[in-house]
Amino acid sequence: MKFSLSWLKSHLETDATLDEIVAALTAIGLEVEEVEDPARRLSGFIVGHILTAERHPNADRLQVCSVATGEATIQVVCGAPNARAGLKVILARPGTVIPVTGDALKKGNVRGIESQGMMCSWRELALGEDHDGIAELDESFTVGAALLDVMSFDPVIDISVTPNRADCLGVRGIARDLAAAGLGRLVPLSVEPVAGSFASPIGVTLDFAADAAGACPLFAGRFIRGVKNGDSPQWLKDRLASIGLRPISALVDITNFFTFDLNRPLHVFDADRVKGDITARLARPGETLAALNGKTYALDEAMTVIADATGPLGLAGVIGGDSSGCSETTSSVFLEAAWFDPARTATTGRRLDILSDARFRFERGVDPAFVVPAMELATRMILDLCGGEASEPVIAGTEPDWQKSIVLRPGRVAALGGVEVEIAQQERILHALGCAVAEHDDGLLVNPPSWRADIGGEQDLVEEVVRIVGFDAIPAVPLPRNPMPKPILTPAQRRVGWVRRQLAARGLIETVTWSFLPQAQAALFGGGSDALQLANPISADLDAMRPSVLPNLVAAVGRNLDRGLRDFSLFEIGPQFDGPEPGQQRLVAGGLRVGKTAARHWTGAPRAVDAFDAKADLLAAIAATGLSPDGFQTIAEAPSWYHPGRSGTLRLGNKPVGYFGELHPGVLAALDVKGPLVGFELFIEALPPAKAKPSRARPLLKASAFQPLDRDFAFILDSKVAAEQVVRAARNADKVLISDVVVFDLYEGAHLPEGKKSLAISVTLQPTERTPTDEEIEAVSTRIVQAVIKATGGELRG
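In numbering that gives the first Met the number 0, the protein residues as written are 0 to 797.
The structure is reproduced here in structure tokens:
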């Protein structure tokens, strides 16, 4: 929001300097973004007097002028057509910085003649666009006087207005805030109704269905005949030009002036181009509007239009139409002042990509009680500047309800704002901001003004009081020192973080998917019951709560495969739903791998991922929680969505804590995803709490100085015996000496009875005190064989 200092002082009586005003604006929450003060760049310019002006001997369009500076006479070569003897000008001498270029002036040679200075135009001083000739000064100005001593220049302030402060999109609103802050007195705004001398030939009606009546609850207008739409007076041109608006004509300039002066957008129609009465209504299918910006817009039934008998004349609160625009030949106008729904105005502007000054204000909310007074003020200005005769006003609708009452407890200012303010000062501030204030049993009963729709509760009143007192007045209070803050995350929440970090470290990419899916897909993973159907799904194909995290991950894998990605892995930590009742929701970490285990390499072809990769992910996630994977049992059983021969379940006792394996080809076919895919599911809440670690420091590593020994054993077992049973039995044969047991061979086929297999393990013996003797090694080997035979019913292979 831009405004000049003189414009501000037309509403604010103040002796404050520019710097004091700028500081006060920022202090009360109206942040100053830029101050453009011409005086700061014109300090080197003086008043010069052209004594003689003769044609340049080497150029027909140049003149050689002798210019008095008050101290001497210098020679200046000038090409301005209005340069003549006797003219007083703005003179720049060598070393003076020219504002429009930012360069310091130097002596020059123009067609063989030395030029010792420069006579400037308004454009070269960055004070306007006039570049047709040099600036002509008043004859009374003293030659040699500094330009700043004989002329005053109007600084322009640019502030940032937050969306809730629509009232500060007018200069008067800014002046009101400064007056409340004690920087002067707000000039009273006198609204004197203009007596109409005839009935308006153009009527006004509102045509809205009951559910759209809020689109335009109040519309006021007035017919003015006999106007002359010429140039605006200089003061009006200067104010508009100071904020970057181009003066057009008196009628248009008046509406622009009210938009920025009083935050009251208005519109004037050329009355001779209006057919019949004016109606505010919603647009009809197929209607279009040729707007004032030269573009044509297709309208829809959600947009509010101002129309006559032929169709739309303008988009309410957004932009006017070209068919009824005013021109220099306009002699009769119809003045419009109305209140339009902010939400509908914003929607219309966004949909059509129109950002106008009117839309900017209407969508933030203009004063609903200022419609008729604004029409009266604008009527008075049109009559003063353009002449003419005004009709009686025509008004349709009623003022929207904006009144509200709020109780302010004085102690809340200190409690919420952090600064002590006397109740009398609170009352004075609220009065100055336009509020009606009365005593109340609990403090003050405050009625916010019509232009402050953003004040809706006690906390807003506290903010107003603190803002006007000044945010700098709030004392700085240190936060309480607490060197040992209480933990925020629970152990269960920390465990989830550990699992997430471990899976990411293993190369899986975290994914977040919906907690619901199509019922047909839910049925593939053990769900799909009516109890888990959604009554109001966000989409017709997302109608069931998910019984597993895997189906949505499978769908994500399919989308990536369709886009050419081949070797990757995904995981998600989220809820799955076993039923609609409390306690039937479980937190699950699930993951999928697809493709190869590594990228292609010249040393050899990488292998495809398999069920054991998924099992490794599952065990790594368990290990990340602080639990030992060795304490869990693996059985060759898994739910129906896993491959029956390439999957398993991880249990703790009789309680399953996770599944792993290759997904069933039939399930993948139903989901239209090309496999194979391997995955896992870990029920995080089913894991027991990790044992508390001792508080003492971790002991130092005690590496053995003795060479480890490896011994291999092969056993003939039933095909159904799990390798884990063999490994566990061998490890438990001597927990001190045996450091590791691994499976290195599996054989099934010829030379073995049907239903049998050969499983070979390698046992590592790690002595810590001395090298064991052959007898001791043989004794351990015997215990290993006996333990495996006892646990599995197998026999040592010869």
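Even for Gly, the Cβ is constructed at its ideal location relative to N, Cα and C.
Asked	Found
Going by DSSP, which residues form a beta bridge with K755?	D717
Are there 16 or more other CB atoms within 10 angstroms of the CB of K701, so buried, or fewer, so exposed?	exposed
Determine the closest residue to S5 out of R358, S241, D566 and A345, with distance taken between C-alpha atoms.	S241
Which same chain residues end up closer than 8 Å to R606 when comparing Cβ atoms and leaving out the 5 residues on each side of it in sequence?	K595 and T596
Comparing C-alpha positions only, which one of I49, P707, E30 and A103 sits nearest to L41?	A103
Taking 6 Å as the limit between beta carbons, can you name the residues of its chain near G416, skipping five residues before and five after?	V461 and V465
Between which two residues does the alpha helix (DSSP H) containing K8 stretch?	L4 to K8
Please name the residue in V267, E286, G285 and V76 whose C-alpha comes closest to that of I277.	V267
Tell me whether the beta-carbon of P579 lies closer than 8 Å to the beta-carbon of L531.	yes
Taking the continuous alpha helix (DSSP H) assigned at I467, which residues delimit it?	E457 to V468
Kindly indicate the opening and closing residues of the alpha helix (DSSP H) around F256.	A249 to D260
Do you know whose CA, among T763, I776, T770 and F714, lies nearest Y746's CA?	F714
List the endpoints of the continuous beta strand (DSSP E) containing I394.	V393 to G396
Below 8 Å, how does it come out for the segment 121 to 139 and the segment 36 to 56: are there three or more Cβ pairs, yes or no?	yes
Given a threshold of 16 other Cβ atoms within 10 Å of its Cβ, counted over all protein chains shown, does I45 qualify as buried or as exposed?	buried
With a floor of 3 residues, list each beta strand (DSSP E) that falls wholly inside the segment 473 to 553, ordered by position along the chain.	none
Here's the rule: buried if 16 or more other CB atoms are within 10 angstroms of the residue's CB, otherwise exposed. What is I27?	buried
Taking all protein chains shown into account, do 16 or more other C-beta atoms lie within 10 angstroms of the C-beta of R494, making it buried, or fewer, making it exposed?	buried
CB D616 to CB F679, shorter than 8 Å?	yes
Counting only the same chain and skipping the five closest in sequence on each side, list residues whose C-beta sits under 7 Å from that of A373.	F257, L261, R263, L265 and A336
What is the rounded straight-line gap between the Cα of R363 and the Cα of A452?	9 Å
Any contact between the segment 301 to 317 and the segment 222 to 241? By contact I mean 3 or more CB pairs, one from each, below 8 Å.	no
Please check the pair W640 and V666, which I expect to be a contact at CB under 8 Å, by giving their CB distance rounded to whole angstroms.	5 Å
Determine, using beta carbons only, whether Y296 and L354 come nearer to each other than 8 Å.	no
Quick check on the DSSP output: the beta strand (DSSP E) that includes H48 runs from which residue to which?	I45 to R54
Kindly indicate which three-state DSSP category G665 falls into: helix, strand or coil?	helix
From the DSSP output, read off the bridge partner residues of Q575.	R585
CA-CA distance, Q791 and V725?	Residue 791 is actually Thr in this sequence, not Gln. Going from the Cα of T791 to the Cα of V725 covers about 7 Å.
Can you give the Cα-Cα distance for L533 and Q518, rounded to whole angstroms?	10 Å
Run through DSSP, which three-state label would P643 get?	strand
Can you tell me which of G387, A219, S114 and A179 puts its alpha carbon nearest to the alpha carbon of L250?	G387
First and last residue of the alpha helix (DSSP H) that includes E426?	I422 to A431
Check whether the Cβ atoms of Q520 and L670 lie closer than 8 Å to each other.	yes
Helix, strand or coil, according to DSSP, for V445 in the structure here?	strand
Just list the residues that DSSP pairs R263 with in beta bridges.	According to DSSP, which records beta bridges pairwise, R263 is partnered with nothing at all.
Sorted by chain position, which residues of the same chain lie with C-beta nearer than 7 Å to V420's C-beta, five sequence neighbours on each side aside?	V412, V464 and V468
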